[in-house]
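Residue numbers (the numbering used here): 482 to 567.
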């Protein structure tokens, strides 16, 4: 198993599709934000989407972001979109 950052990998299409297949609406929303290249606009330029993977299997994902729905910039970073596949 390894932790990878979505923004540092080559095959982004594959991984955002995996995120979008989660049975959680927020995971599907995250996938949409990634497809539309809007996540960094919403959450900050240093945002990471961290994924726990084993080869081609997505086990878990979360974001580490400058901002979240709470717009108090003195509170940072934010861990969000936390999901683990069962």
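Positions of the beta carbon are idealized from the N, C-alpha and C atoms, including for glycine. Every value quoted in this text rests on a predicted model; they were computed, and no experiment measured them.
query: Which full runs of the beta strand (DSSP E) of 3+ residues lie inside the segment 518–545, going along the chain?; result: 529–535
query: Please report the straight-line C-alpha distance between residue 496 and residue 539, rounded to a whole angstrom.; result: 8 Å
query: Between which residues of its own chain and residue 559 is the CB-CB distance below 6 Å, once the five residues before and five after are set aside?; result: 546, 549
query: Under a Cβ-count criterion, where at least 16 other Cβ atoms within 10 Å of its own Cβ denotes burial, should residue 514 be classed as buried or exposed?; result: buried
query: Since residue 532 and residue 487 are thought to touch, with beta carbons under 8 Å apart, how far apart are those beta carbons, to the nearest angstrom?; result: 6 Å
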